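Engineer: Have a look at the structure that comes next, please.
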Amino acid sequence: MQVPFYGHVRQYQNIKSEIDAKMQEVLASGQFVQGPMLKKFEEELAAYAGAKYALGVGNGTDALWLTFMALGLGQGDELITNANTFFATIEAVWIAGCTAVLVDCDKNTRCIDPAAIRKAITKRTKALVPVHLYGQCAPMDEIRKIADEHGLLVVEDNAQAIDARGANFKIGELSDAVCISFIIQKNLGTFGDGGAIWTNRQDINDKVRKLRNHGSSKRDVHSMGFNSRLDDLHAGVLSAKLKHIKEWSDRRIEIAKKYDAGLKGCYFLDLPHARPGYRHVYHLYVIETKNPADRDLMLEYLQKNGVDAKTHYSIAIHKQEGFPWGKAARLTPPLPNAEKNASSCISLPMFPELTEEEIQSTIQVVRDWPKNRS
Ligand SMILES: Cc1ncc(COP(=O)(O)O)c(C=O)c1O
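Just so we're aligned: the sequence shown equals residues 288 to 661 in the numbering used here.
The following block contains the structure:
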């Protein structure tokens, strides 16, 4: 059996009529950029998130750097974030002209470690950028406390965790802004690139609305800006999909429970750790080989045996060749947890449309690894 890693085509087939209807509506409106469907989706997203404002932009990376710019962050300002994240988090810090300060993650959850944040703070620190990695919220209550003690801004990189929540907080409740990516494979994904920001701060909303549209909020009147808009066709796809997000997250959680149960007792693995009381929505189900030397062998074995596994992310940012490419960066070594995560992570197939046979087959192939280890 071949178990695929991505399920977006199956997802489209399952709700084809809903998505097609939205696309037809956009095509018939004749307004494809900053049209009525974008407005509608922004209202739906704000209502869903319980935020005053939501605004669509070109992608999740832009959502981050446009927010940093709107907050007035720039050269000399240090932004503290995870060493173990997708590269785009750090790129966005650099695009805004800021300094990236990379800190270690928690040894269990792999989300940013508040103790490591505390150690990294200097007079130049201006903002904290926690990543809700793999679908689990960073401990925002602890992060908010640190931000309050030091007068820092907080921007949540929520590219991977729509519909997650903490034990006693919602995403967006304890920060200045939340940034999300809608790229194809995300839990809420469109058929290409897309992103958004949600916030309760009117100044962020107003500034990014202008910045995303060539610095213009009135025809022919401009200040310096960019072109980063969420097209109406994408907004239509997302509007159709947003209605399903809760049921899809529930299914991801159900699949994670099956993996947890099926892989229990695999002495050669560490399984994902969900913090008690948190709703982890498993954008990715990431196992780690106890022995980093086994990772590449196991990955190859899984792929050869029909399980399309991948890595997120096998090279920590500060270990990429050429880092930091002349950009402003500060490390707060040691980063043992981020480095262990990078050297031993394997993501198993995880999407709501996985079948029972595929889930059980994946479990069996993983369990059989010791017998097949070459
Ligand atoms: C943690 C994280 N931050 C930022 C991004 C950037 O989003 P995009 O690819 O839409 O620019 C992604 C995903 O791609 C991500 O996973």
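Ideal placement from N, C-alpha and C gives every residue a C-beta, glycine not left out.
All figures in this text were calculated on a predicted structure; none of them were measured in a lab.
So if I measure from each beta-carbon to every heavy atom of ligand 1 and keep distances below 6 Å, which residues remain?
Structural biologist: Here the list is Asn346, Gly347, Thr348, Thr372, Phe373, Ala375, Thr376, Val418, Asp444, Ala446, Gln447, Ser468, Ile470, Asp480, Gly482.
Engineer: For Tyr565, which of helix, strand or coil comes out of DSSP?
Structural biologist: Three-state DSSP puts Tyr565 in coil, outside helix and strand.
Engineer: Provide the residue(s) that pair with Val313 in DSSP beta bridges, ordered along the chain.
Structural biologist: Note: Val313 sits in no beta bridge, so no partner.
Engineer: Look up Ile574 in the DSSP assignment and give the residues it is bridged to.
Structural biologist: In DSSP, Ile574 forms a bridge with Ile633.
Engineer: Tell me whether Gly285 is buried or exposed, calling it buried when 16 or more other Cβ atoms sit within 10 Å of its Cβ.
Structural biologist: Outside the displayed range of the chain (288 to 661) lies residue 285, so it cannot be described from this structure.
Engineer: Which one or two residues does DSSP pair with Val247 in a beta bridge?
Structural biologist: Given that the chain is displayed from residue 288 to residue 661, the structure contains no residue 247 and the question cannot be resolved.
Engineer: Starting from the C-beta of Glu331, find all residues in its chain whose C-beta is less than 7 Å away, skip the five residues before and the five after it, and write them out in chain order.
Structural biologist: So the qualifying residues of the chain are Ser526, Leu529.
Engineer: Give the single residue among Thr477, Arg488, Gln472, His437 whose Cα lies nearest to the Cα of Gly459.
Structural biologist: Ranking Thr477, Arg488, Gln472, His437 by Cα distance to Gly459 puts Arg488 first.
Engineer: Look at the alpha carbon of Asn455 and the alpha carbon of Leu389, and state the distance between them as a whole number of angstroms.
Structural biologist: Distance between the alpha carbons of Asn455 and Leu389: 27 Å.
Engineer: Measure the alpha-carbon distance for Thr376 versus Leu353 and round it to whole angstroms.
Structural biologist: Cα-Cα distance, rounded: 12 Å.
Engineer: Go through its chain and collect everything with a Cβ distance to Lys494's Cβ below 7 Å, but skip five positions before and after it.
Structural biologist: So the qualifying residues of the chain are Ala357.
Engineer: Below 8 Å, can you find three or more Cβ-Cβ pairs linking the stretch 641 to 653 to the stretch 576 to 594?
Structural biologist: Result yes; three or more Cβ-Cβ pairs closer than 8 Å.
Engineer: Let me know the secondary structure DSSP gives Asn659 once reduced to three states.
Structural biologist: Three-state result, Asn659: helix.
Engineer: For Val508, does the count of other Cβ atoms within 10 angstroms reach 16, so buried, or fall short, so exposed?
Structural biologist: Looking at its Cβ environment, which holds fewer than 16 other Cβ atoms inside 10 Å, Val508 is exposed.
Engineer: Is any heavy atom of ligand 2 found at a distance shorter than 8 Å from the C-beta of Leu589?
Structural biologist: The ligand content of the structure shown is limited to ligand 1, which means ligand 2 is not among them.
Engineer: Residue range of the beta strand (DSSP E) that Ala580 falls in?
Structural biologist: Element bounds for Ala580: n/a, residue is neither H nor E.
Engineer: Assign Tyr600 to one of three DSSP states: helix, strand, or coil.
Structural biologist: Three-state result, Tyr600: coil.
Engineer: Can you give me the C-alpha to C-alpha distance between Lys627 and Phe373, rounded to a whole angstrom?
Structural biologist: For Lys627 and Phe373, the distance between alpha carbons rounds to 16 Å.
Engineer: Since Trp535 sits in a beta bridge, which residues does DSSP pair it with?
Structural biologist: Paired residue(s): none; Trp535 is not in a bridge.
Engineer: What's the C-alpha gap between Tyr572 and His295?
Structural biologist: Taking the straight line joining both Cα atoms gives about 17 Å.
Engineer: Where do the N-terminal and C-terminal ends of the alpha helix (DSSP H) with Asp450 fall, by residue?
Structural biologist: Counting along the chain, Asp450 falls outside any alpha helix (DSSP H), and DSSP gives it neither H nor E.
Engineer: With the cut-off set at 9 Å, would you say Asp617 and Glu365 are in Cβ contact?
Structural biologist: It should be noted that the sequence gives Arg, not Asp, for residue 617. A contact, by the Cβ cut-off of 9 Å.
Engineer: Counting Cβ pairs closer than 8 Å, one from the stretch 425 to 437 and one from the stretch 595 to 612, do we hit at least three?
Structural biologist: The stretch 425 to 437 vs the stretch 595 to 612: no contact.
Engineer: How do the stretch 560 to 568 and the stretch 441 to 454 stand: do at least 3 beta-carbon pairs fall below 8 Å, yes or no?
Structural biologist: In short, these stretches touch, since the Cβ pair count reaches three.
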